[in-house]
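Participant: First residue of the sequence shown? That's 6 in my numbering, and the numbers climb one at a time after it.
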Amino acid sequence: MIDAQCYYEGRWHEGRQGRRFSVENPATNATIGSAVAAGVEDLDLVIQSAVRAGASWAESPPERRGRLLQAACQAIMENQEDLARLLTTEEGKSLREARSEVAYGARFFEYYAGESVRIFGDTMPSASGSRSIWTVKVPIGVSALITPWNYPFAMICRKMAPALAAGCTVVVKPAEQTPLIAAQLFRVLEKVNLPPGTVNLITGDPEIIGPALVGDSRIRKVSFTGSTSVGRLILRGAAANITSVSLELGGNAPFIIFDDASVEDAVNGIMACKFRNAGQICVATNRIYVQRGVAAAVQDRLSEAVQHLRVGNGLDDDAQMGPLINREAVKKVAQHVADAVQRGATVAVGGEVREGVGFFYMPTVIAGVQDTMQLAQEETFGPVAPLLIFDAEEEVFGRANQTPYGLAAYVYTRDLGRAMRASKTLEFGMVGINDPVPSLVEAPIGGLKASGLGREGGHEGVLEFLETKYVSTRF
Ligand code: NAD
């Protein structure tokens, strides 16, 4: 059993009310531990801790911050295996994927270790010639980092590393499904000796601590990753104190295969982009548009590959795909498939819940899907590959853009002109051309429209935690 407590002032604390909630392994339904169900009193202490540490962290030499971040990367990698095992046990993904999530998270610390010494402003000529004008970048202040369960390790790192590099102290609030891996990250970070109060952790019921955290006037930044519906609540809550907000929200990614593409590459791309983490990825394709000429070939090859996916407990060496996070997730996927079948689509592979222990839904390929079906309209967040047919380029770009979301889009083609037109026309924050996994540490990740505000990763990621101050001197 693993127990997670709140972390502040550089120490672990039980909640004031002594309440806890339990955490379940989605592959076995066994209880694996529990975490503090914090209340607003605990939250106050956690925020106080971040505020107290704020000024000296903001003024600390960037080089020192960089060294600490580099040490954090190293400490994470030294504990990669233990972290990965816990991640799989709590979230369900295969051990191979969990190891790669841990390494991905560590790389954010490494990248932002370098970035911490590259934060600078500009000088500019004044129009009148009688002034000197310059800007400096200053840390925005105490930052609340609210993260989802699907990449519960990496999503914390992707926010925490740039925030610390910028000189901000942080309060982390992980998802209630995955508090244990968050606490384990904090245990690893203890080895790095960050000043007390620099990083703080609170776990519990989001409806109790979420609005109080977002609406607290001491919090100057909320960096949120999660669903669009909760993103809207965050934005509303942040209005009270005009708190800066970054939102990484849900998606409805099209994956477009033109008939000049390599069918083999495209199918490998779908396997990587759709079935990783059992399809529970914000950038997972939700609609696979296949040009009529290659539709049969894509369906055959994809069905073949999906049939061979080994489903099981992620801790088993040969499991390639694990369970969904909980019962509601399985219900939602089953409902989307039922809706499609009722309206004329056909299941080529899978299409069923795996009965017994754990929250498994079998990997599925479904053909004859229409734009109006739930599978194409809503984020399914499960291992279902829906195939839709198109004829012309203009038609498919129009259909792909027919969604309030705008996170990621994928295009498979060998035609350079078409690739360029796709990158221009598709209204998505990330466009992968013959690339199914564009979420790179060094690239600005984020969405357009209802998929969010702001960017994470790359140089732009650190800007989210900085403000520009401008100084004008007359002479
Ligand atoms: P969620 O919105 O239910 O929860 C996300 C976080 O918000 C959790 O920590 C939760 O406890 C917290 N929360 C819930 N209600 C809150 C409130 N009222 N105030 C403050 N915090 C609150 O999302 P989820 O189910 O954990 O994650 C899945 C969603 O996340 C999907 O829609 C997925 O697309 C999205 N996601 C997006 C990205 C991205 O980079 N854009 C990455 C991963 C996941």
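Ideal placement from N, C-alpha and C gives every residue a C-beta, glycine not left out.
Quick caveat, the model's predicted, so the values are computed rather than measured.
Please classify residue 228: is it buried, with 16 or more other beta-carbons within 10 angstroms of its beta-carbon, or exposed?
Facilitator: Working through the sequence shown from its first residue, we reach residue 228 at position 223. So residue 228 counts as buried.
Participant: Hey, quick one: how far does the beta strand (DSSP E) through residue 162 stretch, first residue to last?
Facilitator: In the sequence shown, the residue the question calls residue 162 occupies position 157. Looking at the DSSP string, residue 162 is not in any beta strand (DSSP E); the run it does join, the alpha helix (DSSP H), is 159-171.
Participant: How would you label residue 130, buried or exposed, when you count the other beta carbons within 10 angstroms and need 16 or more for buried?
Facilitator: Translated into the one-based positions of the sequence shown, residue 130 becomes position 125. That one is exposed.
Participant: Between the segment 465-479 and the segment 112-131, can you find at least three pairs of beta-carbon atoms closer than 8 Å?
Facilitator: Contact holds: three or more Cβ-Cβ distances are below 8 Å.
Participant: I think residue 196 touches residue 343, with their Cβ atoms under 8 Å apart; what is that distance to the nearest whole Å?
Facilitator: Indexing the sequence shown from 1 puts residue 196 at position 191. Indexing the sequence shown from 1 puts residue 343 at position 338. Their Cβ separation, rounded to whole angstroms, is 49 Å, which puts residue 196 and residue 343 out of contact at 8 Å.
Participant: Please determine whether the Cβ atom of residue 155 lies at a distance below 7 Å from any heavy atom of the ligand NAD.
Facilitator: The count along the sequence shown starts at 1 and reaches residue 155 at position 150. At least one heavy atom of the ligand NAD is nearer than 7 Å to the Cβ of residue 155, so yes.
Participant: Rounded to whole angstroms, what's the CA-CA distance from residue 242 to residue 213? Just pull it up for me.
Facilitator: Residue 242 sits at position 237 when you count from the first residue of the sequence shown. Residue 213 sits at position 208 when you count from the first residue of the sequence shown. Roughly 13 Å separates the two Cα atoms.
Participant: What residue range is occupied by the uninterrupted beta strand (DSSP E) comprising residue 62?
Facilitator: By one-based count along the sequence shown, residue 62 stands at place 57. Not the beta strand (DSSP E): residue 62 falls in the alpha helix (DSSP H), residues 45-64.
Participant: Would you report the Cα separation of residue 91 and residue 254, rounded to the nearest angstrom?
Facilitator: Within the sequence shown, numbered from 1, the residue matching residue 91 stands at position 86. Within the sequence shown, numbered from 1, the residue matching residue 254 stands at position 249. Those two C-alpha atoms are separated by around 25 Å.
Participant: Do you know offhand how far residue 437's Cα is from residue 266's?
Facilitator: For the purposes of this step, residue 437 is taken as the residue at position 432 of the sequence shown. For the purposes of this step, residue 266 is taken as the residue at position 261 of the sequence shown. Cα to Cα, residue 437 sits roughly 14 Å from residue 266.
Participant: Could you tell me which whole alpha helix (DSSP H) segments of length 4 or greater appear in the segment 182-217?
Facilitator: Entirely contained in the segment 182-217, the alpha helix (DSSP H) runs reaching 4 residues are, in chain order, 184-195.
Participant: Tell me whether residue 492 counts as near the ligand NAD, meaning its Cβ is closer than 7 Å to at least one heavy atom of that ligand.
Facilitator: With the chain running from 6 to 480 in the structure shown, residue 492 is simply not present.
Participant: Could you tell me whether the Cβ atoms of residue 38 and residue 185 are closer together than 8 Å?
Facilitator: Sequence index remark: in the sequence shown, residue 38 carries index 33 (1-based). Sequence index remark: in the sequence shown, residue 185 carries index 180 (1-based). Contact: yes.
Participant: On the criterion of 16 or more Cβ atoms from any shown chain inside 10 Å, does residue 378 qualify as buried, or is it exposed?
Facilitator: As a working note, residue 378 is residue 373 in the sequence shown. Its Cβ being crowded by 16 or more others within 10 Å, residue 378 is buried.
Participant: Residue 446 to residue 84, Cα distance in whole Å?
Facilitator: For the purposes of this step, residue 446 is taken as residue 441 along the sequence shown, with counting starting at 1. For the purposes of this step, residue 84 is taken as residue 79 along the sequence shown, with counting starting at 1. If I take the Cα positions, the gap works out to 20 Å.
Participant: How many Å lie between residue 136 and residue 440 at the Cα?
Facilitator: For the purposes of this step, residue 136 is taken as the residue at position 131 of the sequence shown. For the purposes of this step, residue 440 is taken as the residue at position 435 of the sequence shown. Near 49 Å, if we compare the C-alpha coordinates of residue 440 and residue 136.
Participant: What does the alpha-carbon distance come out to for the pair residue 294 and residue 230?
Facilitator: As a position in the sequence shown, residue 294 is number 289, starting the count at 1. As a position in the sequence shown, residue 230 is number 225, starting the count at 1. If I take the Cα positions, the gap works out to 27 Å.
Participant: Taking the alpha helix (DSSP H) that residue 308 falls in, what are its first and last residues?
Facilitator: If you number the sequence shown from 1, residue 308 lands on position 303. 300-312 is the extent of the alpha helix (DSSP H) around residue 308.
Participant: Closer than 8 Å is the cut-off here; do at least three beta carbon pairs connect the segment 367-381 with the segment 336-356?
Facilitator: In short, these stretches touch, since the Cβ pair count reaches three.
Participant: Could you tell me how far apart the beta carbons of residue 147 and residue 69 are, in whole angstroms, since I believe they sit closer than 8 Å?
Facilitator: Residue 147 sits at position 142 when you count from the first residue of the sequence shown. Residue 69 sits at position 64 when you count from the first residue of the sequence shown. Contact flag wrong, Cβ pair sits at about 20 Å.
Participant: Using only the heavy atoms of the ligand NAD, determine whether one of them is closer than 7 Å to the beta carbon of residue 151.
Facilitator: In the sequence shown, counting from the first residue as 1, residue 151 sits at position 146. Yes, Cβ of residue 151 sits closer than 7 Å to a heavy atom of the ligand NAD.
Participant: Is the segment 95-110 in contact with the segment 282-289, if contact means three or more CB pairs nearer than 8 Å?
Facilitator: The segment 95-110 is in contact with the segment 282-289.
Participant: What are the uninterrupted segments assigned as alpha helix (DSSP H) that are 4 or more residues long and contained completely in the segment 319-365, given in chain order?
Facilitator: As far as the segment 319-365 is concerned, its whole alpha helix (DSSP H) runs of at least 4 residues are 332-347.
Participant: What is the DSSP secondary structure of residue 8, reduced to helix, strand or coil?
Facilitator: Residue mapping note: residue 8 aligns to position 3 of the sequence shown, counting from 1. The answer is strand: DSSP assigns residue 8 an E or B state.
Participant: Are there 16 or more other CB atoms within 10 angstroms of the CB of residue 169, so buried, or fewer, so exposed?
Facilitator: Looking up residue 169 in the sequence shown gives position 164. So residue 169 counts as buried.
Participant: Under three-state DSSP, which class holds residue 444?
Facilitator: Here residue 444 refers to the residue found at position 439 of the sequence shown. Correct three-state label for residue 444: coil.
Participant: Do you know how far the Cα of residue 286 is from the Cα of residue 340?
Facilitator: Position 335 of the sequence shown, counted from the start, is the residue given in the question as residue 340. Position 281 of the sequence shown, counted from the start, is the residue given in the question as residue 286. Their Cα atoms are separated by approximately 19 Å.
Participant: Using DSSP's beta-bridge definition, name the partner residues of residue 296.
Facilitator: Residue numbering aside, residue 296 sits at position 291 when the sequence shown is read from its first letter. In the DSSP output, where bridge partners are listed per residue, residue 296 has 395.
Participant: Would the segment 177-184 count as touching the segment 302-313 if we require 3 or more Cβ pairs under 8 Å?
Facilitator: Counting Cβ pairs under 8 Å, fewer than three are found: no touch.
Participant: Relative to the ligand MG, is the shortest distance from any of its heavy atoms to the C-beta of residue 29 smaller than 7 Å?
Facilitator: Within the structure as shown, the ligand MG is missing, the only ligands being the ligand NAD.
Participant: When DSSP labels each residue in this structure, what does residue 149 get in the three-state scheme?
Facilitator: Taking the sequence shown and counting its residues from 1, the one referred to as residue 149 is at position 144. Residue 149 falls in the strand class under three-state DSSP.
Participant: Residue 136 bridges to which residues according to DSSP?
Facilitator: In the sequence shown, residue 136 corresponds to position 131, counting from 1. Note: residue 136 sits in a beta bridge opposite 479.
Participant: How long is the line joining the alpha carbons of residue 87 and residue 451, rounded to whole angstroms?
Facilitator: By 1-based counting over the sequence shown, the position of residue 87 is 82. By 1-based counting over the sequence shown, the position of residue 451 is 446. Going from the Cα of residue 87 to the Cα of residue 451 covers about 30 Å.
Participant: Is residue 232 close to the ligand NAD? I mean its beta-carbon at under 7 Å from any heavy atom of the ligand.
Facilitator: For the purposes of this step, residue 232 is taken as the residue at position 227 of the sequence shown. Indeed, a heavy atom of the ligand NAD lies less than 7 Å from the Cβ.
Participant: Judging by CA-CA distance, which residue of 300, 144 and 34 is the nearest neighbour of residue 395?
Facilitator: Taking the sequence shown and counting its residues from 1, the one referred to as residue 395 is at position 390. Comparing Cα-Cα distances from residue 395 to each of 300, 144 and 34, the minimum goes to 300.
Participant: Tell me whether residue 34 sits in a helix, a strand or coil according to DSSP, three-state version.
Facilitator: Along the sequence shown, read from residue 1 onward, the residue named residue 34 stands at position 29. Here residue 34 sits in coil by DSSP.
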